[in-house]
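The structure appears right after this line, and notes come after that.
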Amino acid sequence: MVTFFGSNAPAAPNPDRALDDFIQQHPTLYGDLLYPAFDLRLLYDYLKVACGDEVANRVLSSVDMGARELAERQFILAWQMLRAMELAAEVLPGPAAGIRFGAIFTPEDLEGLQGPLSHSRTLAEAYHITRENPNLTGSFTDNLERVVDGALVVRSINIAQIERHTLQFVFEQGVGSMLAIAQALTGHPVRLNYVTFSACGAETPEVGAYETLLGCPVRFEGEFFEWSIDLAELEAPVLWRPSASALQQEQTLPDPDDSLVNRILGLLLSNPESPPTQEQLAEHLVLSQRTLRRRLSELGTSYQRILNQVRCQLAIEWLQRGEHDIEWIGERLGFKDVSNFRHAFKRWVGKPPGAFLTEDQL
């Protein structure tokens, strides 16, 4: 997840009312949401260095994906990135593991935004570019922004109902990557006024390590995840320019619609309750079943693995909507026995489907 900041956020005269309105207007995170694959590639490479190949490959395997498939993908599904982040939060050494990971991000990592970012004059303009292209940056929270006493205050809203420990890692990565990319864009460190972490129910981390990495006062046990920056900081000029090779590579990025895996994802998501069989899929793609299996095998995946990815995405969406019970969802996803659905779901995301239900549904 990469988060930028802007200086033109409107003031919110009633933050609590604004928050309620905001949550009601934003749908569930998952659904058919695609997520930029570069984020998972960076995490996979980082885990290999920090924890070793075995751990990195285990995290990748947990989201039904292999290294060859990941290298080919421009987009993945949202639950895959979130699950990988959850596992990374468990295995990466602390404190502030998410901030340390976020610090490796560079503007060159933002596939599809090299040209637009190079034409931005200030950090505020860079922010607008990223906000207009959420499909190319990725996020698991959204921001409620307000201006207070000459400073922009940005509060992260947990619209996806992410578990607290994982949300801590997600927020850390967001702030860490934001500062790293902002420094690369301007050529100097960008200072925040403060960073506040929401209470996570565990032992409070060592503040000193966080303040050293972030370069600003840090407070734990807050009500929300939040950070603030002076508006003047946002007028810093963007000096960064992409390399000629990066611009050329951006111009030759494959069309997501031309990717075999993305085409299959699109077909499965467009028919959630009646997915095509492998035979029907091959016919639609004008391929023989043998050729389809071979091409997917070359990418280290299979039709069943992609189908499972989509099933998980849809199951999370339906669970969060709260309109159907677990038995209905399992049946619609093709499971004849609800116990098989429960077992498969727990294998996919590491927790039972009931963990995504509200108290009213339980």
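Just so you know, we're using this note's numbering here: the sequence shown kicks off at 1 and counts up by one.
Every residue gets a Cβ at the ideal spot worked out from N, C-alpha and C, and that includes glycine.
None of these values were measured; they are calculated from a predicted model.
Have a look at residue i and residue j and give me their C-alpha separation to the nearest angstrom.
i           : j           : result
residue 91  : residue 275 : 36 Å
residue 305 : residue 65  : 8 Å
residue 394 : residue 85  : Nothing about residue 394 can be read from this structure; the chain reaches only from 1 to 362.
residue 183 : residue 147 : 23 Å
residue 157 : residue 144 : 7 Å
residue 194 : residue 110 : 26 Å
residue 286 : residue 187 : 50 Å
residue 343 : residue 356 : 15 Å
residue 213 : residue 72  : 33 Å
residue 348 : residue 162 : 16 Å
residue 53  : residue 44  : 9 Å
residue 345 : residue 335 : 11 Å
residue 99  : residue 308 : 31 Å
residue 49  : residue 269 : 35 Å
residue 129 : residue 259 : 25 Å
residue 74  : residue 177 : 20 Å
residue 166 : residue 320 : 18 Å
residue 207 : residue 34  : 35 Å
residue 284 : residue 290 : 14 Å
residue 153 : residue 126 : 17 Å
residue 170 : residue 294 : 36 Å
residue 77  : residue 288 : 26 Å
Using the rule of at least 16 other Cβ atoms within 10 Å of the residue's Cβ for burial, across every protein chain shown, is residue i buried or exposed?
i           : result
residue 199 : exposed
residue 261 : buried
residue 172 : buried
residue 138 : buried
residue 174 : buried
residue 30  : At residue 30, the pLDDT of 42 sits below 50, so the modelled position is not reliable; the number obtained from the coordinates is stated separately. Buried is the call here.
residue 36  : buried
residue 61  : exposed
residue 317 : buried
residue 39  : buried
residue 279 : exposed
residue 168 : buried
residue 233 : buried
residue 141 : buried
residue 83  : buried
Tell me, which residues are paired with residue i by DSSP?
i           : result
residue 102 : Answer is none; residue 102 lacks a bridge partner.
residue 152 : 147 and 229
residue 198 : 222
residue 34  : 77
residue 237 : 122
residue 142 : 157
In three-state DSSP terms, what is residue i?
i           : result
residue 245 : helix
residue 122 : strand
residue 229 : strand
residue 134 : helix
residue 171 : helix
residue 29  : Summary for residue 29: the model assigns pLDDT 42, below 50, so the residue's position carries little reliability; its value from the coordinates is reported in the next sentence. It is coil, neither helix nor strand.
residue 75  : strand
residue 129 : helix
residue 205 : coil
residue 356 : helix
residue 341 : helix
residue 336 : coil
residue 63  : coil
residue 325 : coil
residue 188 : coil
residue 285 : coil
residue 351 : coil
residue 110 : coil
residue 308 : helix
Looking only at its chain, what residues have a beta carbon closer than 8 Å to the beta carbon of residue i, apart from the 5 residues adjacent to it on each side?
i           : result
residue 338 : 326, 327, 330 and 331
residue 281 : 264, 267, 292 and 303
residue 47  : 55, 56, 59, 88, 91 and 92
residue 240 : 107, 117, 118, 184, 185, 186 and 187
residue 298 : 68
residue 237 : 121, 122 and 186
residue 189 : 179, 183 and 215
residue 246 : 108 and 114
residue 222 : 196, 197, 198 and 199
Among residues of its own chain, excluding the 5 on either side of residue i, which ones have a beta-carbon nearer than 7 Å to its beta-carbon?
i           : result
residue 13  : Confidence in residue 13 is poor, its pLDDT being 37 and thus under 50, which makes the residue's placement too unreliable to answer from.
residue 151 : 193, 228, 229, 230 and 231
residue 315 : 329, 333, 345 and 353
residue 324 : 318
residue 351 : none
For a test of your reading of the model: does the CB of residue i fall under 7 Å from any non-hydrogen atom of the ligand FAD? Yes or no.
i           : result
residue 301 : The model depicted lacks the ligand FAD and carries no ligand whatsoever.
So is residue i in contact with chain B if we call contact Cβ pairs under 8 Å?
i          : result
residue 43 : Here chain B cannot be found, since the structure has a single protein chain.
Among residues of its own chain, excluding the 5 on either side of residue i, which ones have a beta-carbon nearer than 6 Å to its beta-carbon?
i           : result
residue 296 : 302
residue 226 : 155 and 196
residue 300 : 66, 68 and 69
residue 210 : 96 and 218
residue 101 : 46 and 173
residue 80  : 63
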